[in-house]
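Chemist: Okay, handing you the structure first.
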Amino acid sequence: MSGSINQHSALSDDSIASISNRKSKRHARHSSKGRRLSTTSALSTDFENGMSDEEEDEHFDKEAYATVERAIDNNHDLDTAALELNTLKMSMNVGYHEVRLATLQAMIAKIKQYVSTETLNAKDATNKLFTSWGPLFQRQAFDDQERIDLLLLLQQECTTLPAEYNQIVLFVAVKVLYDLDLVPEENILEWWNSAASNASTDLQLVKKLTENFIVWLQDAEEESEEESDEDSD
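Quick note on the UniProt record's numbering: the sequence shown kicks off at 1 and runs consecutively.
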């Protein structure tokens, strides 16, 4: 436990220091893509192929989870994993929400495994998984609402992790998604301020460490607006 607390504290301190160092470099960066900070069914009576919609969803969840898990364990290339998931999605007639959820569940479970076996700490495990497999979400979330849904699902899944490191996982995962240009600044801020992301005590608590990153984004956005106004003058 003390190791997790120390890691949590160190991550927060490092992140704040990183934010301060980055602020001096942001004046030349006007777009959110240019800014970087170093370290989210009712039961149907219709049956198709002998399976209800609810049963199909459950079957998809298991198959998609296994697909992502297998891809991670066997180090499959991203294109192969994405193709398998899309084929599964079409064959079972589910939406991208279900694809995002299953992908996140498999990734979060793998992070938990790394931490519980002391293979990696929470920060490194999250960075590894989301850097390598986060690009899958580029093929699963295509507009603002879908990307906000991705963040909400991520936040919800993080609440299932042990409290000593669930905040670290959310913070690092959101930051990696931003750094890889998978989720833009405006989507992150909308997610952060949404009622859905604050709907329970658990959801609010798991966001705590991510607040440092949100403050940085808001400050950077304000500076960009000021620079834009100066340029227009």
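Glycine residues also receive a C-beta, built at the ideal position from the N, C-alpha and C atoms.
1. Where do the ends of the alpha helix (DSSP H) carrying L88 lie?
2. With a 10 Å radius around its C-beta and 16 neighbouring C-beta atoms as the bar for buried, classify D149 as buried or exposed.
3. Starting from Q138, trace the alpha helix (DSSP H) in both directions and tell me its first and last residue.
4. What would DSSP say about V169, mapped onto helix, strand or coil?
5. Report the residue from K128, W133 and I108 whose alpha carbon sits nearest the alpha carbon of Q156.
6. Just how far apart, CA to CA, sit L203 and L83?
7. Would you say T160 faces chain D, with C-beta separation under 9 Å as the test?
8. Using the beta-carbon count (16 or more within 10 Å), is A17 buried or exposed?
9. Reducing DSSP to helix, strand and coil, say where S132 ends up.
10. To the nearest angstrom, report how far apart G134 and L182 are at their CA atoms.
11. Using the beta-carbon count (16 or more within 10 Å), is Q218 buried or exposed?
12. Under the three-state reduction of DSSP, which class applies to N127: helix, strand or coil?
13. Cα-Cα, which of T160, Q105 and L78 is closest to F60?
14. Do you know whose CA, among F171, L88 and T119, lies nearest K208's CA?
15. With C-beta atoms as the reference, is T210 less than 9 Å away from V174?
16. With DSSP collapsed to three states, give me the class of K207.
17. Taking just the CA atoms, how far does L154 sit from N198?
18. Quick one: what's got a C-beta closer than 6 Å to E74's C-beta in the same chain, skipping five residues either side?
Modeler: To lay it out plainly:
1. L78 to M92
2. buried
3. Counting along the chain, Q138 falls outside any alpha helix (DSSP H), and DSSP gives it neither H nor E.
4. helix
5. Checking every option, the nearest Cα to that of Q156 belongs to I108.
6. 32 Å
7. Annotation note: the requested chain D is absent from the structure, which comprises a single protein chain.
8. Annotation note: pLDDT 47 at A17 (below 50); position unreliable, no value reported.
9. helix
10. Taking the straight line joining both Cα atoms gives about 8 Å.
11. exposed
12. helix
13. Q105
14. F171
15. Contact: yes.
16. In this structure, K207 counts as coil in the three-state DSSP scheme.
17. 14 Å
18. Checking the sequence, you will find Asn at residue 74 rather than Glu. Closer than 6 Å at Cβ, skipping near neighbours: no residue.
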